[in-house]
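Q:
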Amino acid sequence: MYSNGIPATSIQDVEWFKASASDGIGGNCIEVAALPEGHVAFRNSRDKDGPALVFTPGEWAAFSDGMKGGEFDRVTV
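Positions in the sequence shown are counted from 1; adding 42 to them yields this note's numbering.
Written out as structure tokens, the structure reads:
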């Protein structure tokens with residue numbers, strides 16, 4: 043189906059969206075799109091033609107739960 047690092051432009055017929063907390067001023071945003079079979083794609087909003095990371099449903103759930111639970115807070119800049 044989809045693999046990591048594929049050009050985001052090759053992912054067709056999806057709606058990319060940014061989080062409401064995204065900072066529209068500096069362009070420091072990521073965009074996410076729901077894919078078939080529960081997969082989720084991630085791309086840099088400043089490089090819409092660049093690569094996309096694609097998560098399986100289980101990977102996305104683990105990442106999302108980790109973010110909500112503060113597991114990645116130590117990675118902040």
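Even for Gly, the Cβ is constructed at its ideal location relative to N, Cα and C.
Note that the structure is predicted; figures quoted are calculated from it, not measured.
1) Can you check whether the CB of Ile72 is closer than 7 Å to the CB of Phe59?
2) Provide the residue span of the alpha helix (DSSP H) that contains Pro99, from first to last.
3) Is the Cβ-Cβ distance between Pro49 and Gly80 less than 7 Å?
4) If you draw a straight line from the C-alpha of Ser45 to the C-alpha of Gly108, how long is it?
5) Taking DSSP as the reference, what is the three-state secondary structure of Ala50?
6) Buried or exposed: where does Val96 fall if 16 or more other Cβ atoms within 10 Å of its Cβ makes it buried?
A: For this structure:
1) no
2) 99-110
3) no
4) 22 Å
5) helix
6) buried
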